[in-house]
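Notes to accompany the following structure.
Residue numbers (this note's numbering): 702 to 1012.
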């Protein structure tokens, strides 16, 4: 019992992705003489990683709590007149998020289900939450917090989140996006930078630098390779948080130094902005040394005229 509120809280452990469990719990509630007035679906599982590293099993673990779970609740309560049917979705379904394709897809399902229910005349609200401070998935994942910071997404204070939730419940909306947004960060990191108005980014330096590309192209091959190597080294050290005063073995796979799929995406993005070339993420996962990256840049941007070390 929540002190002074008259609210009784009963905890029932079960898997919302299991239809039989959902049916059983709702049956027990009905048998108790109490009526169900609302649903809040907040389940979720994270298994971040590039699509090339995903398996059927990892995809299923991420999708099931949201897709099967929400669908089970929808089917089991479709005949009830609920005051609310709230789905906790994620901003990843709206903006995309490197390394979270399966999680974004699962949340897209929640958004679609909310609109489907509203079309049927049923209560529904899907909220695409940004990261919350001190609670929730992002608070437990240092990588998520750092990623949100680079994207320009500030954390939602719990008190603010609860207040916003109340406002949305009264708004009649079927879907809403909630994220404290710094447009400068979003424009430099999002998958859809053109979505940010030009006036918001007019003071930002242009990227990539055409002048850098032209300068590199004019250099002798060996000298250019040295400059590109230094650039790759600087980006890798910065993104991975390594000590810049320590040498980085040119042929050592970066994953032996802490590279994961999300950091690989960050390195790819940073190098692409500096050089004006698109690097495939799986390059850093399958051929992840600094020399491998330099070789790819030489071949992609300068026709492979640089003198590689070989071996």
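By construction, the Cβ of each residue, glycine as well, lies at the ideal position given by its N, Cα and C atoms.
Check: Residue 882 versus residue 854 - alpha carbon distance; Outcome: 5 angstroms
Check: As assigned by DSSP and simplified to three states, the class of residue 798; Outcome: coil
Check: Cβ-based burial, residue 809 [other Cβ within 10 Å; buried from 16]; Outcome: buried
Check: Among 832, 784, 777, the one whose alpha carbon lies nearest that of residue 793; Outcome: 832
Check: CA-to-CA distance, residue 788 to residue 995, given in whole angstroms; Outcome: 45 angstroms
Check: Backbone secondary structure at residue 750 - three-state DSSP; Outcome: coil
Check: Contacts around residue 980, its chain only, beta-carbon distance under 7 angstroms, and the 5 residues preceding and following it disregarded; Outcome: 969, 972, 973, 997
Check: Cβ-based neighbour list, residue 740, same chain, cut-off 8 angstroms, excluding 5 preceding and 5 following; Outcome: 774, 778, 783, 785, 786, 787
Check: Own chain partners of residue 762 with C-beta closer than 7 angstroms, once the 5 adjacent residues on each side are dropped; Outcome: 746, 748
Check: Between the CA atoms of residue 723 and residue 716 - distance to the nearest angstrom; Outcome: 8 angstroms
Check: Status (buried if at least 16 other CB within 10 Å, exposed otherwise) for residue 820; Outcome: exposed
Check: At least three beta-carbon pairs within less than 8 angstroms, the segment 800-808 to the segment 862-879; Outcome: no
Check: Rounded Cβ spacing between residue 958 and residue 990 (contact assumed at less than 8 angstroms); Outcome: Actually they do not touch by this definition, with Cβ atoms about 10 angstroms apart.
Check: Expected contact under 8 angstroms - CB spacing of residue 875 and residue 816 to nearest Å; Outcome: 5 angstroms
Check: 3 or more residues per run - each beta strand (DSSP E) lying fully within the segment 921-1008; Outcome: none
Check: Check whether residue 983 and residue 753 have beta carbons under 8 angstroms apart; Outcome: yes
Check: Close-in-space but distant-in-sequence residues of the same chain around residue 718 (CB under 6 angstroms, 5 per side omitted); Outcome: 765, 766, 769, 770
Check: Terminal residues of the beta strand (DSSP E) in which residue 788 lies; Outcome: 785-791
Check: First through last residue of the beta strand (DSSP E) which encompasses residue 877; Outcome: 876-879
Check: Spatial neighbours of residue 826 in its chain, beta-carbon cut-off 8 angstroms, leaving aside the 5 residues before and after; Outcome: 785, 786, 787, 788, 815, 869, 870, 874, 875, 876, 877
Check: Endpoints, the beta strand (DSSP E) within which residue 827 is located; Outcome: 826-830
Check: Residue 745, DSSP secondary structure in three states; Outcome: coil
Check: Burial state of residue 742 (16 or more Cβ within 10 Å); Outcome: buried
Check: N-terminal and C-terminal residue of the alpha helix (DSSP H) that residue 872 is part of; Outcome: 859-872
Check: Under the three-state DSSP convention, the category residue 780 falls into; Outcome: coil
Check: Contacting residues, own chain, Cβ-Cβ under 6 angstroms from residue 858 (five flanking each side not counted); Outcome: 834
Check: Cβ-based burial, residue 1000 [other Cβ within 10 Å; buried from 16]; Outcome: exposed
Check: 7 angstroms CB neighbourhood of residue 755 in its chain, flanking five on each side removed; Outcome: 803
Check: Bounding residues of the alpha helix (DSSP H) (the contiguous stretch that carries residue 725); Outcome: 720-732
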